[in-house]
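Numbering (our numbering), first residue to last: 73 to 343.
Input: a single structure, listed below in structure tokens.
Set out below in structure tokens:
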């Protein structure tokens, strides 16, 4: 399981490659126009300026990612901490358009990673689809895994209703999530067990910033606080943006649908 630093460094290299491609294109245009004469039309000049600025912007973003990787002091132990034994844990996104995030304990140890399964051409197209705003409505397969292998699998179906189904490592259905789409006054997702019976919801109110994961009786099980880094862990998570999860019930006693609800909040409302 790669650590958080590795993802930031990989993202930095990607930004560097994009920046280099933009600068090569801009310099090629400049060289061509130097030999043949610079255009007087506005459109070619706008293209040149856009490429040059995009190149510089990606170089700056790469430098920021490298600096952030150097600041984060997290580790990936050989024996992972149990995800259902932590009363407080951080959920930190690493790759924006690929829906990649890490569960990290308050001691800075990686407990699990939630990653979208995408390889080859599909991985390349995800960035474009994200920019077009189509990603939330397309099919996704998301794995929850630690150093010992896959723990859970999330299957999001395509369509406006945004249904997501949860399975264990053996492919047994554990439950599902139905995201609110039409109610504009409250952000929430309804949870169902394997039999399709409602067993709770994630309630984000009107703003959809701070969420509460509730059971079927309305009892708050987990507080999900956006951009909430506790003071004692600032030296571990400096420069990161994620959610801190505060469990009000023993995580080991929670249904897996409730346990993984914060990851769905990241997928639905933070991306």
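Yeah, the Cβ is synthetic: ideal placement off N, Cα and C, and Gly gets one too.
Keep in mind it's a predicted model, so treat the numbers as computed, not measured.
CA-to-CA, the gap between residue 182 and residue 118 works out to about 45 Å.
Closest in alpha carbon position to residue 276, among 264, 252, 289 and 268, is 252. Of all alpha-carbon atoms in 211, 175 and 138, the one lying nearest the alpha-carbon of residue 189 is that of 211. Where residue 137 is concerned, the enclosing alpha helix (DSSP H) starts and stops at 114-143. By the Cβ-count criterion, residue 127 is buried, with 16 or more other Cβ atoms from all chains shown falling within 10 Å of its own Cβ.
Ranked by how close their Cα comes to the Cα of residue 295, the residues 263, 166 and 159 have 159 in first place.
The residue from 179, 267, 166 and 250 with its alpha-carbon nearest to that of residue 82 is 166. Contact check between the region 220-232 and the region 285-292: fewer than three CB pairs, one atom from each, fall below 8 Å, which does not count as touching. Annotated three-state conformation of residue 90 is helix, per DSSP. Between the alpha carbons of residue 184 and residue 315 lies a gap of roughly 15 Å.
Between residue 238 and residue 153, the CB-CB gap reaches or exceeds 9 Å. Within the same chain, and ignoring the five residues on either side of residue 88 in sequence, the residues whose Cβ sits closer than 6 Å to its Cβ are 134.
DSSP, reduced to helix, strand and coil, places residue 259 outside both helices and strands of the structure shown, so it counts as coil. Residue 287 has 272 as its beta-bridge partners, per DSSP. Per DSSP, the continuous beta strand (DSSP E) segment holding residue 214 begins and ends at 212-218.
Apart from sequence neighbours up to five positions away, the residues of its chain that approach residue 98 with a beta-carbon distance below 7 Å are 120, 123, 124 and 127, ordered along the chain. Under the DSSP assignment, residue 331 falls in the alpha helix (DSSP H) whose first and last residues are 328-331.
Of the candidates 106, 111 and 264, the residue whose Cα lies closest to the Cα of residue 272 is 264.
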